[in-house]
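For the sequence shown, position 236 matches number 236 in the UniProt record's numbering, and the numbering has no gaps at all.
Some notes on the structure that comes next.
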Amino acid sequence: MSLARRYLLWISYDGSRFPEMAKGGSGYGVLDFLTTILRSSFPNVGERLKSSAASRTDRGVHALRNAIIIQVPLEYGILDQRKDTLLAEWNSIAEQCKPKALQILDFHTVSPGFSARRNVSYRCYKYRVCVALTSDAWQRFKEKPSLMHYAERDYAWILPPGFDLYKAQQACSIFKGTHNMASFFKHRERDRRKENEYPSAIRHMRHVAITGGEPRCIDDADHAFYDFSIISTSFLREQVRRMIGIIVAHAYGRVSRELIEWLLKNPYPTNFFTRRLLIAPAQGLFLENVVYDNRMFTNPIPYHIHTWDNELIAN
Numbered sequence: 001m002s003l004a005r006r007y008l009l010w011i012s013y014d015g016s017r018f019p020e021m022a023k024g025g026s027g028y029g030v031l032d033f034l035t036t037i038l039r040s041s042f043p044n045v046g047e048r049l050k051s052s053a054a055s056r057t058d059r060g061v062h063a064l065r066n067a068i069i070i071q072v073p074l075e076y077g078i079l080d081q082r083k084d085t086l087l088a089e090w091n092s093i094a095e096q097c098k099p100k101a102l103q104i105l106d107f108h109t110v111s112p113g114f115s116a117r118r119n120v121s122y123r124c125y126k127y128r129v130c131v132a133l134t135s136d137a138w139q140r141f142k143e144k145p146s147l148m149h150y151a152e153r154d155y156a157w158i159l160p161p162g163f164d165l166y167k168a169q170q171a172c173s174i175f176k177g178t179h180n181m182a183s184f185f186k187h188r189e190r191d192r193r194k195e196n197e198y199p200s201a202i203r204h205m206r207h208v209a210i211t212g213g214e215p216r217c218i219d220d221a222d223h224a225f226y227d228f229s230i231i232s233t234s235f236l237r238e239q240v241r242r243m244i245g246i247i248v249a250h251a252y253g254r255v256s257r258e259l260i261e262w263l264l265k266n267p268y269p270t271n272f273f274t275r276r277l278l279i280a281p282a283q284g285l286f287l288e289n290v291v292y293d294n295r296m297f298t299n300p301i302p303y304h305i306h307t308w309d310n311e312l313i314a315n
């Protein structure tokens with residue numbers, strides 16, 4: 001057994017460039033690519049290099065700042081001592097192999113008891129929508145896309161005219177506070193059968209709001225941009241996209257305030273589809289940040305036991 005050290009990496013990635021984020025799928029996901037890049041700096045490390053994400057984003061979802069914990073055998077040295085060299089090396093490889101798809105922003109040592117997922121203070125998500133202001137603009141998007149549409153297609157939900165900003169704001173306010181979010185949880189029947197105990201769906205929504213947004217690169221007077229912002233310590237699978245889907249539906253008058261309140265008061269995973277509600281597409285969603293109390297990096301409370309603990313960890 002070799003001594004090892006754990007590090008927290010900060011990365012950003014373009015979700016449209018990968019078939020998935022997590023491992024175990026096609027083999028070409030974000031974590032697969034990242035791990036392959038890292039292994040190039042540590043000859044013969046193989047499976048002794050471990051990695052795990054703080055937030056596992058869905059296919060097509062982007063990240064401006066996600067956290068990844070890795071474990072590297074100590075025989076490769078203390079990585080903090082050559083941080084600048086390693087970051088330059090890794091980002092050069094990423095750019096050569098898959099331009100503008102992944103960037104490694106920073107890294108630092110963390111305690112063996114630190115959990116990238118459970119020691120989080122809160123997570124920040126942004127969802128971008130682009131609303132056509134006229135019927136003509138909507139038809140152009142469907143029949144003859146402009147350069148703006150090409151620029152936004154993989155990074156926003158492009159919507160027809162009729163979006164009511166006030167209604168969207170009102171729907172956002174319903175979600176603030178602590179709720180059982182099971183009606184907004186992708187929890188498949190086959191998963192429920194495997195579980196001995198139903199996972200808690202209680203979540204505290206610190207912030208749910210909509211504000212004016214900006215185009216990525218090309219402005220268009222016939223379209224308006226908005227950003228939804230949602231902050232919580234943790235989220236259920238597909239929770240944010242389902243919340244955005246029903247807020248947008250309310251903004252178009254397709255869903256009542258009473259139905260949103262009913263879903264929160266009657267929490268069950270099948271409710272969303274039995275009501276034939278629409279999930280917001282993945283491309284508009286960005287994980288903006290994963291925020292920690294810096295004291296957790298060196299003195300995590302609680303101190304977590306990790307599945308990698310069968311290997312000795314250097315203090």
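In this text, a Cβ means the ideal position worked out from N, Cα and C, and glycines have one as well.
- With contacts defined as CB atoms closer than 7 Å, Ala171 and His250 qualify as a contacting pair.
- Straight through space, the alpha carbons of Ala168 and Ile247 are spaced by roughly 6 Å.
- Taking a cut-off of 8 Å for Cβ pairs, the region 274-282 and the region 101-118 do not touch, as fewer than three such pairs fall below it.
- Within the region 262-313, complete alpha helix (DSSP H) segments of at least 4 residues are found at 271-274, given in chain order.
- Of all alpha-carbon atoms in Gln71, Arg59, Gly25 and Phe175, the one lying nearest the alpha-carbon of Val45 is that of Gln71.
- Between the alpha carbons of Gln103 and Tyr13 lies a gap of roughly 6 Å.
- In this structure, the CA atom of Asn310 is about 16 Å from the CA atom of Tyr303.
- In the three-state reduction of the DSSP assignment, Leu165 falls in the helix class, which pools H, G and I.
- Lys265 and Leu74 have their alpha carbons spaced roughly 51 Å apart.
- Rounded to whole angstroms, the gap between the alpha carbons of Tyr226 and Asp154 is 16 Å.
- Taken in chain order, the complete alpha helix (DSSP H) segments of 4 or more residues contained in the region 65-152 are 83-97, 135-143 and 147-152.
- Separation of Ile68 and Ala54 (C-alpha to C-alpha, rounded to the nearest whole angstrom) is 6 Å.
- For the set Asp164, Asn294, Gln96 and Arg6, the Cα lying nearest the Cα of Val110 is the one of Arg6.
- Using a 10 angstroms sphere on the CB of Ile202, the tally of other CB atoms stays under 16, which defines it as exposed.
- Contact check for Phe107 and Leu64: beta-carbon distance about 17 Å, past the 8 Å limit, so the pair fails to qualify.
- The Cβ-Cβ distance between Phe297 and Gln239 does not fall below 7 Å.
- The DSSP-derived three-state label of Ile231 is strand.
- Counting only the Cα atoms, Cys124 lies some 26 Å from Lys50.
- Judged by DSSP in its simplified three-state form, Phe225 adopts strand.
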